[in-house]
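Residue numbers (the working numbering): 577 to 1112.
As structure tokens, then:
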């Protein structure tokens, strides 16, 4: 009889959308010695709500255990983590009257969910032996980021203020509830569709906006500003789970099973040091991008697919990818490099944060040339190895690895506005109705740490799943990577080859400030991976 009881691991992909749209900025005047009494108008102009939908795609993995305690009902516990890239932003523009003139405000506010995960219990009902519906709920956690850049001018006056910038990153804990369905595709593999509502509460920070007299340098006015955003919303995702044979108890006339299987796994000897082995694997990564490219404080949404790269590119997309592994027993060294140049135009570019100080802009389009490179190098070590007694030719190993990840982004962006465009905040060069912004290049290096599971079905036939996190403010704010893939070795004319098919996703949140303006990348780069390499 089929049973759902057992330990499983898997991967998931889905979409998140917001439950609470606005980012709020509230300002209060705390100091004002201006001759015109600009204080109340300045504080009022620097307050408002910006609609900033928190939505995008995400990837991740999960692990859990089910116990089918009767023929129809089961209880389970699951933990998962996702690299999110879920973000939203908007612009704020106010012209507020004051006794001495006007306060003209322009602001860009953004928020993002860098990663999130849950630890949940679930109660399921088997509609048929292989179709399960369930309710679930428990703990939710995640890393949230809120940023702001607010510029204000008081006219007519000789008062000036630097752009008020704020940046908050927090790890928050909340709750989640939802439900879903799961269908067995075989003895070990199942597919699921799941909905969750999550709430991580609100995050906020405060920063000042201070004006000085341009002639004397004396402080004339100070506003205290508070920026806040709530992080809650909806998740819809699909995924696959693989249940391990060693965790599935035997069944008899009923699908109800014992809580745990009889021990059928045993520690295996760690890989022994011997000769060095080399894997050289050129591969193709069909890159899709979901996120934002930030050019001089403006976030340009780039939700593109590999199909866009071929159908909407002004030139054929060019890429080079390859991986090299040098291993001996439990120790291995690796290097991986992916380089791609993509060009996009027209509807693939979306102005995610409308520019607040463009005087007239009926509509906008653009062209983008993006050069992206991701390189990795590091060392891995096998922590443990075990085998399933029912299949003596298979084994599973757990590795820990650490290294450095290099990122490079070269960006040439041209925005075209129908109408007269004039933006001091972005420092755009205006030629008629054409505005051009160039952010040049940015690059960074992140430390990364991760875990890898290698399951060998038979000699030369292997499944790998690895995930890592990095950045931690040393290079980028936060970065992550997930990979799952199947490889099989074969020989041709005496040469040893290996073939690979899998899926890879990398999340990047990097920004840098220059002259009071932000450039950066906040996106998920993902897609299927395939390749053929050689073993030596």
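Using N, Cα and C, we set each Cβ at its ideal position, and we do this for glycine too.
Membership of residue 675 in any alpha helix (DSSP H) is not indicated, and neither H nor E is assigned to it by DSSP. Residue 963 is bridged by DSSP to 842. When the five nearest sequence neighbours on each side are left out, the beta carbons in the same chain lying within less than 6 Å of the beta carbon of residue 1045 are those of 1056, in order along the chain. Counting C-beta atoms within 10 angstroms of its own C-beta, residue 763 has fewer than 16 neighbours from the protein chains shown and is therefore classed as exposed.
The distance from the Cβ of residue 856 to that of residue 900 is about 6 Å, consistent with a contact at the 8 Å cut-off.
Of 584, 775, 720, the smallest CA-CA separation from residue 596 is found for 775.
When secondary structure is reduced to three states using DSSP, residue 804 falls in the strand class.
Cα atoms of residue 815 and residue 703: separation of roughly 20 Å, rounded to the nearest angstrom. Within 10 angstroms of the beta-carbon of residue 962 lie fewer than 16 other beta-carbons, which makes it exposed. Across the structure, residue 982 and residue 599 are spaced so that their CA atoms are roughly 33 Å apart. In this structure, 801 is the residue among 790, 707, 801, 578 with its C-alpha nearest to the C-alpha of residue 615. Judged by DSSP in its simplified three-state form, residue 616 adopts helix. Here DSSP, grouped into helix, strand and coil, assigns residue 595 to coil.
Straight-line spacing of the CA atoms in residue 825 and residue 645 works out to 12 Å. A Cβ-Cβ separation of about 39 Å leaves residue 700 out of contact with residue 665 under the 8 Å criterion.
Residue pairing of residue 1038 in beta bridges, as defined by DSSP: 1032, 1063. Ranked by Cα distance from residue 975, the first of 984, 1028, 955, 964 is 1028.
In this model, residue 805 and residue 751 are separated by some 17 Å (Cα to Cα). Close CB contacts of residue 1075 within its chain, under the 6 Å cut and outside five residues either way in sequence, are with 1064, 1108 (chain order).
Between the stretch 580 to 591 and the stretch 779 to 799, the count of C-beta pairs closer than 8 Å stays below three; the two stretches do not touch. Counting along the chain, the unbroken beta strand (DSSP E) around residue 638 starts and ends at 632 to 643.
Shortest Cα-Cα distance from residue 897 to any of 1080, 629, 1098 involves 1080. Residue environment analysis places residue 727 among the buried positions, since at least 16 neighbouring C-beta atoms fall within 10 angstroms of its C-beta.
For residue 748, the enclosing beta strand (DSSP E) stretches over residues 740 to 760. Sequence-distant Cβ neighbours of residue 969 in its own chain, meaning closer than 6 Å and more than five residues away, are 1034. In the three-state reduction of the DSSP assignment, residue 861 falls in the strand class. Between residue 811 and residue 772 a beta carbon distance of about 4 Å is seen, short of the 8 Å cut, so the two are scored as contacting. Classified as exposed, residue 1112 has fewer than 16 neighbouring CB atoms from the shown chains inside 10 Å of its CB.
For residue 589 and residue 1070, the gap between their C-alpha atoms comes out near 40 Å. Residue pairing by DSSP places residue 1076 opposite 1063, 1107 in a beta bridge. Taking C-beta atoms under 8 Å as the contact rule, residue 861 and residue 621 fail to qualify, at a distance of about 47 Å. Put simply, of 904, 658, 946 the residue whose alpha carbon is nearest the alpha carbon of residue 917 is 946. Spanning the alpha carbons of residue 684 and residue 731 requires a straight line of approximately 21 Å.
Counting only residues of its own chain and dropping the five nearest sequence neighbours on each side, residue 904 has a CB closer than 6 Å to the CB of 849, 852.
Burial check for residue 759: the Cβ neighbour count within 10 Å stays below 16, so the residue is exposed. 734 is the residue among 724, 734, 783, 822 whose C-alpha sits nearest the C-alpha of residue 794.
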